[in-house]
Ligand code: FES
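Numbering (the numbering used here), first residue to last: 7 to 501.
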């Protein structure tokens, strides 16, 4: 029987990005059947797939996890014994069904063979030779089909992946992700880059309510929020308090734009402030566990220090790690806000944040590869977008050009180089302009470096005065306006 496999599992099995599979589908090299792939087509497209390849994939995933500041997961973080037992039970049922089918086919083939032999005996000589040819072909075909083939190990590995990680499919978007260990559905969804609806993350608000359409889930945390009897009867659960035992299909709310994200006011605690160079401060802050910041990658918020006017600051971290926020703040000499930040804010100082705002967010519907251009500390929101793109794992290629002007540095150049080293589809280019007006002069080189620039999506963040000339140049060179998103470096202007 043809074996179907979901895109997420297929990507993991052959060790490629989901975006690479999507490109093959668009180019007609892989067929899909209701969103799933035939295992035989997959192995045909990736004939070098070996079971051992998973070690390389795991290594890259580990580097990627560290690269995008995800929480490092303990080695022993595997599903609990009940979850494993339930998944093995489902596999056992499938195996029993497959065996039953195989027995029926075997009986049928045996009867067919006997019938051919019978007909060959009872027919005239010329027909007899045709039958004997048919018989020879049938025996040969049977032998070759029944011989064990190379797919066996891959099929076994696919079954193993199914035991270790359940898959969640969200309706109506069709987004899918895998749940490792005993993570909650909400945690795993956020880590995969989805903007699922939620509030408290701990079972109090009911905002993560989702309806189970199929599959089996399990409560992992008790919750105070009470689902009505009707809701329970209809299959509603709280995504922050449940994990998936088997593959699951859920109806759940997601944010598709900044208009879906509510404005929030949260007190955060400073973890540390770093001074990677004289022109930028990196502020690390942590939200309370029960009151995290819901935002989209690339957005900004207003940061309030005691006795200071609030300032707009872009968020430089990924929504997949919503408790740990990062801001790259350009140092403007003489700014009272910077002085207060440098002199009065220490580890554990409580700050108030309000937001998020802004539409400098990824166009997730676009199938195009991504180009990011950052100038100086404009790298902050670009970093957030790149980490989000990595979590989504759909872009075929990601190109980062980080331009600095005199006096500035590629203050997180090592991080960018580690992405470049770890990911086949990521390329980092560090550029230096002789002065701020020379930024535009670097654009022809960037476009020449890209293959078919007009078929790519551009995201650029730089000081406000540079935006217009850069936008004009790129559109004159044929980059469609709809594929260009620009953002000024936020900071300095009172919110
Ligand atoms: S996020 Fe509040 S109950 Fe789940």
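Ideal Cβ placement from N, Cα and C applies to all residues, glycine included. Remember, predicted model here, so these are calculated numbers, not experimental data.
In the three-state reduction of the DSSP assignment, residue 495 falls in the coil class, being assigned neither a helical nor a strand state. Taking 7 Å as the cut-off, one finds at least one heavy atom of the ligand FES near enough to the beta carbon of residue 214. Across the set 253, 267 and 210, the C-alpha of 253 shows the shortest separation from the C-alpha of residue 95.
A distance criterion of 7 Å places the beta-carbon of residue 244 in contact range of the ligand FES, judged by its closest non-hydrogen atom. Within a 10 Å sphere around the beta-carbon of residue 240 sit fewer than 16 other beta-carbons, which makes this residue exposed.
Just so you know, the alpha carbons of residue 172 and residue 249 end up roughly 9 Å apart. Nearest Cα to residue 19 within the set 370, 44 and 420: 44.
In this model, residue 114 and residue 17 are separated by some 36 Å (Cα to Cα). In the displayed model, residue 391 falls within a helix according to three-state DSSP. With a cutoff of 7 Å, residue 234 does not count as near the ligand FES, since its C-beta is closer than that to no heavy atom of the ligand. Between residue 206 and residue 271, the C-beta gap is not smaller than 8 Å, which leaves the two residues out of contact.
Residue state for residue 205 is assigned as coil, using DSSP reduced to three classes.
Nearest C-alpha to residue 473 among 123, 443, 367 and 132: 443. Per DSSP, the unbroken beta strand (DSSP E) holding residue 223 starts and ends at 223-225.
For the pair residue 333 and residue 319, the CB atoms are nearer than the 8 Å cut-off.
Residue environment: residue 101 is assigned as exposed (fewer than 16 neighbouring CB atoms within 10 Å of its CB, all protein chains considered). Rounded to whole angstroms, the separation of the alpha carbons of residue 163 and residue 186 is 16 Å. The C-alpha of residue 216 lies about 18 Å from the C-alpha of residue 197. The beta-bridge partner set that DSSP reports for residue 464 consists of 377 and 490.
Judged by beta-carbon spacing, residue 347 lies beyond the 8 Å limit of residue 418, meaning their Cβ atoms are not closer than that value. Annotated three-state conformation of residue 384 is helix, per DSSP. Between residue 404 and residue 392 a beta carbon distance of about 6 Å is seen, short of the 8 Å cut, so the two are scored as contacting. Comparing C-alpha distances from residue 397 to each of 182, 144 and 469 shows the shortest one belongs to 182.
For residue 175, the CB contacts under 6 Å within the same chain, skipping 5 residues up- and downstream, are 182 and 255 in chain order.
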